[in-house]
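Under my numbering, think of the first position of the sequence shown as 987, with each following residue one higher.
All residues carry an ideal CB built from backbone N, CA and C; glycine is no exception.
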Amino acid sequence: MATFVHGRKFDWEPNHDPKSRNFRAVTGVMSLRTSRRWVLRNGVLDQGEEGACVGHGTINAASTPRMRIILPDPQKTAFGMYYGSRRIDEWPGEDYDGTSVNAGCKLAVEFGLASGYRWCFGVEEVAQVILDKSPVIIGVNYLEDMFNPSPLGLVSVSGAVAGGHCMCVIGFYRNGLAGLGINEPVFCVRQSWGTSFGAHGNIFITYDGMNKLLQDQGEAAVLEPIPYASIGRVS
């Protein structure tokens, strides 16, 4: 399942369950907002050469104030999420690399980080959820040219498939970002490769680029916060 490219290990695997369409994250009218960027409490994580992207993407999504959870050691928890996800994912055994976004979300509920999770279907639903509700965990094929972001973090969604990768989409700008010279809708995505990659750990993907990634077997999930009565610290 795992592949190594440019010193990175890729091992996200897609899992599209038709029943997921019964759990859509978008149910209301379109947002009146035109931009939003979510703050993450845990800083920029780094999975190193380990293929623990699902664990890191899930922990990034769980670290917003909306989720009401404080993680004493988010880096350690992210690796624990990855290893634990293989215990409950769709493939038998645990002697392999990689897991699914679905398994990461299930484990977030099991760990008490979230009360549940829902799904986005298509790039516009991802945009709407970010504007109105939450960051979004995505599992997509990572392409070769995306290894070379511009100095401001913009990536070109082109080239051969390097492998499957999980990331957390934390922002959306409907009118683009003048500071980046982008005059079209664009997403801000938190990577898990440390602060030296992209713009201090973030990359920017245009609306059309994100649409391309999601249409190629991509998946997008949203964690639901735990009730106030259940708030606590998670180790």
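Pro1121 and Thr1050 look like a contact to me (Cβ under 8 Å); what is the Cβ gap, rounded to whole Å? Beta-carbon to beta-carbon, Pro1121 and Thr1050 are separated by about 6 Å, close enough to satisfy the 8 Å threshold.
Could you check the C-alpha separation between Val1175 and Met1196 for me, to the nearest Å? So the two alpha carbons sit approximately 10 Å from each other.
According to DSSP, is Glu1210 helix, strand or coil? Looking at Glu1210 - three-state DSSP - the assignment turns out to be strand.
Mapping DSSP to helix, strand and coil, what is Glu1111? Glu1111 falls in the helix class under three-state DSSP.
Same chain, Cβ closer than 7 Å to Gly1145, five either side skipped, listed in chain order: Closer than 7 Å at Cβ, skipping near neighbours: Leu1129, Glu1130, Asp1131.
Beta-carbon separation (whole angstroms), Tyr1103 vs Glu1210, contact threshold 8 Å: In this structure Tyr1103 is in contact with Glu1210, their Cβ atoms being roughly 6 Å apart against a cut-off of 8 Å.
Using the C-alpha atoms, what's the distance from Val1126 back to Asp1202? Looking at the two C-alpha atoms, the distance is approximately 7 Å.
Element boundaries [alpha helix (DSSP H), containing Asn1088]: Here the alpha helix (DSSP H) through Asn1088 covers 1087-1096.
Sheet register partners of Ala1064 (DSSP bridge): None; Ala1064 has no bridge partner.
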